[in-house]
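Counting from 1, position 24 in the sequence shown corresponds to residue 164 in my numbering; the numbering is continuous, with no gaps.
A short worksheet on the structure shown next.
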Amino acid sequence: MKISRRRAVGLMLFAPWAAAAQDSVVAPDTRRRGNRPPGNRGPGGPQHNPDQKKASTFYTDVPAHDFDIILGRPTADAITASVLSYAEIEGFFSYGSDPSKLDQESAPQRFRAGEPVEVVLTKLRPNQAYSYCFNWRRAGATDYTADGPRRFQTQRSRGSEFTFTVQADSHLDDPQAASLYTNTLRAVQADAPDFHIDLGDTFMTDKRGQQFATAQSQYLAQRYYLGLVGHSAPVFLVLGNHDGETGSRFYGKGDSMPGWSNAMRRRYFPNPLPNGFYTGNNMPTDPLGLLQDYYSWEWGNALSVVLDPYWFTTSRSKGPAAFWERSLGETQYRWLESTLAKSNAPFRFVFIHNLVGGGDEAMRGGAEAARFFEWGGRNLDGTPEFAQHRPGWPAPIHDVLKKYGVSVVFHGHDHFFARQELDGIVYQLVPQPATPGGRNVTRMVSEYGYVSGDFLPSPGYLWVSVGNSETHVVFKNTSSEKAEQAFEYRIPSSQRNMGSAGKK
Numbered sequence: 141m142k143i144s145r146r147r148a149v150g151l152m153l154f155a156p157w158a159a160a161a162q163d164s165v166v167a168p169d170t171r172r173r174g175n176r177p178p179g180n181r182g183p184g185g186p187q188h189n190p191d192q193k194k195a196s197t198f199y200t201d202v203p204a205h206d207f208d209i210i211l212g213r214p215t216a217d218a219i220t221a222s223v224l225s226y227a228e229i230e231g232f233f234s235y236g237s238d239p240s241k242l243d244q245e246s247a248p249q250r251f252r253a254g255e256p257v258e259v260v261l262t263k264l265r266p267n268q269a270y271s272y273c274f275n276w277r278r279a280g281a282t283d284y285t286a287d288g289p290r291r292f293q294t295q296r297s298r299g300s301e302f303t304f305t306v307q308a309d310s311h312l313d314d315p316q317a318a319s320l321y322t323n324t325l326r327a328v329q330a331d332a333p334d335f336h337i338d339l340g341d342t343f344m345t346d347k348r349g350q351q352f353a354t355a356q357s358q359y360l361a362q363r364y365y366l367g368l369v370g371h372s373a374p375v376f377l378v379l380g381n382h383d384g385e386t387g388s389r390f391y392g393k394g395d396s397m398p399g400w401s402n403a404m405r406r407r408y409f410p411n412p413l414p415n416g417f418y419t420g421n422n423m424p425t426d427p428l429g430l431l432q433d434y435y436s437w438e439w440g441n442a443l444s445v446v447l448d449p450y451w452f453t454t455s456r457s458k459g460p461a462a463f464w465e466r467s468l469g470e471t472q473y474r475w476l477e478s479t480l481a482k483s484n485a486p487f488r489f490v491f492i493h494n495l496v497g498g499g500d501e502a503m504r505g506g507a508e509a510a511r512f513f514e515w516g517g518r519n520l521d522g523t524p525e526f527a528q529h530r531p532g533w534p535a536p537i538h539d540v541l542k543k544y545g546v547s548v549v550f551h552g553h554d555h556f557f558a559r560q561e562l563d564g565i566v567y568q569l570v571p572q573p574a575t576p577g578g579r580n581v582t583r584m585v586s587e588y589g590y591v592s593g594d595f596l597p598s599p600g601y602l603w604v605s606v607g608n609s610e611t612h613v614v615f616k617n618t619s620s621e622k623a624e625q626a627f628e629y630r631i632p633s634s635q636r637n638m639g640s641a642g643k644k
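This is the structure in structure tokens:
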């Protein structure tokens, strides 16, 4: 067969299922205000009328393109490529460890317009860089066009250095800027990380209220944006509080907001499944199946653990009782403890959108909030009540992380950069990738209960290099066309000591 080697360009207009440039819907105002440390809290809590409605605008229009590819579920010997075409095409992957000789191929197949297809590339070698092309042609055409070459990496062996990147809270709503988001993701792409982690509030489903199904346009838009990185760096998704997948709203039906949101995420993004390489949630939820919500894997010298504080929080209580009802659930908690206990990785990273419980009703806060509720075991006034609220559980989450030498807790939700430390664990708040102007960091630090640490404004992302003796974390600010290093620090493999302080 004849294959023309050129990069694909956007030729097709958006199909009917794609969204308009701006989706305006009326949804409950879910923004929260007010989180102050104990003793200086003021009124705190949400400062809004629960019956208030507001128009939310979502920026879901993206450049026309023929298809997008999201890589996911990398292992030592396979990787999954999710292909979504916007026209009827035929295609196959050619790949190999030698960029000049792509000597392995997937079977040719049809890709229907609007129907994502997962293609598993197999017979790979561990600790190996690969190149690939996606060879495609329109229905009825004779010759294939080669999109690529692209790259990906199989599981690094113990002792092999690697890098990954982290973003949080892309939102695609006001005041986010699509140009900044694109700029951030282009910078991530240039870094060529082994994988890219998104800490949630990516799809903003619950901001659309009863019109949550209109969020499909956002899943499609995020495929385009994350595909700027995800064609070469597998994407790992972490659930955010606005992504619609909350147990308190699930009534056992697929057409509920949580059921629909879970189905959309699994349809468009290949998150890990327990398969021996990945561990995680192996209990099907009727009628959805495996949720693909919490999971772990090892790569090089690191264990990475992704947590889900939403599916297993089943109460919608308000007031003081709500803090203790927020939970990982005992099954996930026991899995977390077991996963950490079994690993001998020199570095252990935890990824979560917000800490379980948080420091106020909006679940804000970092190291200061890590002392409270299921995460830290205490009430806001400092009284310990973990044993009463979690009978039979060995210890609060923070104590479990401390016991097993967790290096960093990467969290989002609060929309700026914060590097803090508690008991030898770095609590790293990840900035937004698309917020123009940086917003008022001083105000957010105060309102969200942050007291000590290093604080800087968005936009940007984190670049993380994991070596043999240390992990190097860099905040790259993307407010200008070229990403600039705004802050860095290093963590020794001892995990018990911060080592060299962060440097601005």
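For each residue, glycine too, the CB sits at the ideal point set by N, CA and C.
- Apart from the 5 residues on each side of it in sequence, residue 355 sits with its Cβ closer than 6 Å to the Cβ of 343, 345 and 348 in its chain, given in chain order.
- Contact between the stretch 477-497 and the stretch 317-335 is absent: fewer than 3 CB-CB pairs across the two stretches fall below 8 Å.
- In summary, residue 450 is buried, with 16 or more beta-carbon neighbours lying within 10 Å of its beta-carbon over all protein chains present.
- Counting the other Cβ atoms within 10 Å of the Cβ of residue 391 gives fewer than 16, which makes it exposed.
- Under the rule that a run must span 3 or more residues, the beta strand (DSSP E) segments found entirely inside the stretch 250-317 read 257-261, 269-278, 284-293 and 302-307.
- Cβ-Cβ separation between residue 261 and residue 246: approximately 6 Å, consistent with a contact (criterion under 8 Å).
- Taken through DSSP and simplified to helix, strand or coil, residue 594 comes out as strand.
- If you draw a straight line from the Cα of residue 452 to the Cα of residue 385, it comes to about 10 Å.
- Taking 8 Å as the upper bound for CB-CB distance, residue 604 and residue 375 are not in contact here, some 15 Å apart.
- Excluding the 5 residues flanking it on each side, residue 562 has same chain C-beta neighbours closer than 6 Å at 507 and 510, in chain order.
- The Cβ-Cβ distance between residue 435 and residue 420 falls below 9 Å.
- Residue 597 holds the alpha-carbon nearest to the alpha-carbon of residue 557 among 520, 289, 597 and 579.
- Out of 486, 494, 447 and 457, the CA that lies nearest to the CA of residue 471 is found in 447.
- Taking C-beta separations shorter than 7 Å and ignoring five residues to either side along the sequence, the partners of residue 609 in its chain run 632 and 633, following chain order.
- Apart from sequence neighbours up to five positions away, the residues of its chain that approach residue 428 with a beta-carbon distance below 7 Å are 394, 399, 402 and 403, ordered along the chain.
- Here residue 582 carries a helix assignment [DSSP, helix/strand/coil].
- In the three-state reduction of the DSSP assignment, residue 477 falls in the helix class, which pools H, G and I.
- By the Cβ-count criterion, residue 341 is buried, with 16 or more other Cβ atoms from all chains shown falling within 10 Å of its own Cβ.
- In the DSSP annotation of this structure, the continuous segment of the alpha helix (DSSP H) that includes residue 528 starts and ends at 526-529.
- Secondary structure at residue 391: coil, using DSSP grouped into helix, strand and coil.
- The Cβ atoms of residue 265 and residue 201 do not sit closer than 9 Å to each other.
- One Cα belongs to residue 590, the other to residue 204, and the distance between them is close to 42 Å.
- For residue 226, the secondary structure class from DSSP, reduced to helix, strand or coil, is coil.
- Note on geometry: alpha-carbon atoms of residue 352 and residue 490 lie some 29 Å from one another.
- The Cβ atoms of residue 302 and residue 606 lie closer than 9 Å to each other.
- Runs of the beta strand (DSSP E) spanning 3 or more residues and lying entirely within the stretch 383-446 occur at 435-439 and 442-446, in chain order.
- Residue environment: residue 442 is assigned as buried (16 or more neighbouring CB atoms within 10 Å of its CB, all protein chains considered).
- DSSP places residue 496 in the coil class of the three-state scheme, outside both helix and strand.
- With 16 or more neighbouring CB atoms inside 10 Å of its own CB, residue 616 falls in the buried class.
- Per the DSSP secondary-structure output, residue 568 pairs in a beta bridge with 550 and 559.
- Between the C-alpha atoms of residue 454 and residue 444 there is a straight-line separation of about 26 Å.
- The Cβ neighbour count for residue 625, taken over all protein chains shown within 10 Å, is under 16; the residue is labelled exposed.
- With 16 or more other Cβ atoms from the protein chains shown falling within 10 Å of its own Cβ, residue 503 counts as buried.
- Around residue 585, the same chain offers 595 as residues with beta carbons nearer than 7 Å, after the five sequence neighbours per side are excluded.
- Classified as buried, residue 381 has 16 or more neighbouring CB atoms from the shown chains inside 10 Å of its CB.
- Each residue's CA atom was taken as its position, placing residue 433 and residue 539 some 23 Å apart.
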